[in-house]
Amino acid sequence: MIDLDAYLARIGYDGPRTPTLDTLRALHALHPAAIPFEAIDVLLDRGVDLDPAVVDAKLIGAGRGGYCYEQNLLFKRALTALGFEVEGLIARVQWTLPPGTPPRARTHMGLWVTIDEEPWYADVGFGGLVLTAPLKFGIIDPQPTPHETFRLVPEGEDIALQVLLGEVWTPVYQLSREVQLDVDYDLPNWFTSTHPTSHFRQNLMAARTTREARYSLLHNRLTIRALDGKVERRILSAPEIGEVLAETFGLAVEPDWAPLFERAVAAGS
Numbered sequence: 002m003i004d005l006d007a008y009l010a011r012i013g014y015d016g017p018r019t020p021t022l023d024t025l026r027a028l029h030a031l032h033p034a035a036i037p038f039e040a041i042d043v044l045l046d047r048g049v050d051l052d053p054a055v056v057d058a059k060l061i062g063a064g065r066g067g068y069c070y071e072q073n074l075l076f077k078r079a080l081t082a083l084g085f086e087v088e089g090l091i092a093r094v095q096w097t098l099p100p101g102t103p104p105r106a107r108t109h110m111g112l113w114v115t116i117d118e119e120p121w122y123a124d125v126g127f128g129g130l131v132l133t134a135p136l137k138f139g140i141i142d143p144q145p146t147p148h149e150t151f152r153l154v155p156e157g158e159d160i161a162l163q164v165l166l167g168e169v170w171t172p173v174y175q176l177s178r179e180v181q182l183d184v185d186y187d188l189p190n191w192f193t194s195t196h197p198t199s200h201f202r203q204n205l206m207a208a209r210t211t212r213e214a215r216y217s218l219l220h221n222r223l224t225i226r227a228l229d230g231k232v233e234r235r236i237l238s239a240p241e242i243g244e245v246l247a248e249t250f251g252l253a254v255e256p257d258w259a260p261l262f263e264r265a266v267a268a269g270s
């Protein structure tokens, strides 16, 4: 169900193909650096097709990125092809929501990976705060990654992912413990890509995370957060948005994206 050689070449991995923790860590660091987070097809009313052949043609073959379902379903199939035991999860996003905001539907996908009978959490599809290393399930201690420090803590029947910002633990999302089949993502994907209240329908967004920095685009505002804490912000013109998507995010920019850039400038002003 996946051209493994093509996927590994896409993310720049040439290491061992054994289902070990070292392999998972290496893949988890490389994937978000090579395949950017974006949902431009949603803004173009093209929808998001989760058929494996379509996802592979887009994210591997066409030099495009995708959002959580595309990213993590691709990662899931790659890990499975390498011999990992992988199951899907679903989460209720809390990131950037003001305190007291009513709960939102579960619309984010994550992965449960079992290695030597030990459970690990993987997620290569959470935009500008994507994990760059797997986290260990079953412990509540802080877990450093190449970027931020995270923790997984019980929260009722769920598992809460939290990130340490300064000295404050900030909620990211709540993971359901119930395993999801691939078909279970069809309905939330339809909602996320078509419903008028979905923020993917309203905002031009892109994100890419490398070993050196996190790069995030919202409308016409580019933010670069380096590992040393330095933050750079730029306001882009419409032509500059296309240049940044190509040069910084590595996307194969299409001519019919130009109206989106004009709208992004208006939304960001």
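In the numbering used here, the protein residues as written are 2 to 270. Heads up, the beta-carbon is just placed ideally off N, CA and C, and yes, glycines get one too. Quick caveat: nothing in here was measured; it's all calculated off a predicted structure.
Taken through DSSP and simplified to helix, strand or coil, His-220 comes out as coil. Rounded to the nearest angstrom, the Cβ distance from Leu-74 to Ser-177 is 17 angstroms, too far for a contact under 8 angstroms. Within its own chain, the residues whose Cβ lies closer than 7 angstroms to the Cβ of Ala-35, once the five positions on either side in sequence are excluded, are Arg-11, Ile-12, Gly-13, listed in chain order.
Ranked by how close their Cα comes to the Cα of Val-125, the residues Glu-158, Leu-80, His-196, Phe-192 have Leu-80 in first place. For Trp-96, the three-state secondary structure derived from DSSP is coil. Using a C-beta cut-off of 8 angstroms, the segment 202-212 makes no contact with the segment 177-186, since fewer than three inter-stretch Cβ pairs fall below that distance. The alpha-carbon of Pro-260 is positioned some 10 angstroms away from that of Val-266. For Pro-240, the closest of His-220, Asp-229, Asp-57, Pro-147 by C-alpha to C-alpha distance is His-220. The Cβ neighbour count for Asp-57, taken over all protein chains shown within 10 Å, is at least 16; the residue is labelled buried. The alpha helix (DSSP H) runs lying completely inside the segment 49-85 and spanning 4 residues or more are 53-57, 69-82, given in chain order. Using a Cβ-Cβ distance cut-off of 8 angstroms, the segment 44-53 and the segment 187-195 are in contact, since at least three pairs of beta carbons, one from each stretch, lie closer than that value. In the DSSP assignment, Phe-38 is bridged to Gly-67, Ala-208. Annotated three-state conformation of His-29 is helix, per DSSP.
In the structure shown, Leu-261 falls within a helical segment according to DSSP collapsed to helix, strand and coil. Here Leu-252 really is in contact with Gly-66; their C-beta atoms are around 6 angstroms apart, less than 8 angstroms.
Here Ala-92 is actually not in contact with His-29; their C-beta atoms are around 17 angstroms apart, not less than 8 angstroms. Beta-bridge pairing by DSSP links His-109 to Ala-92.
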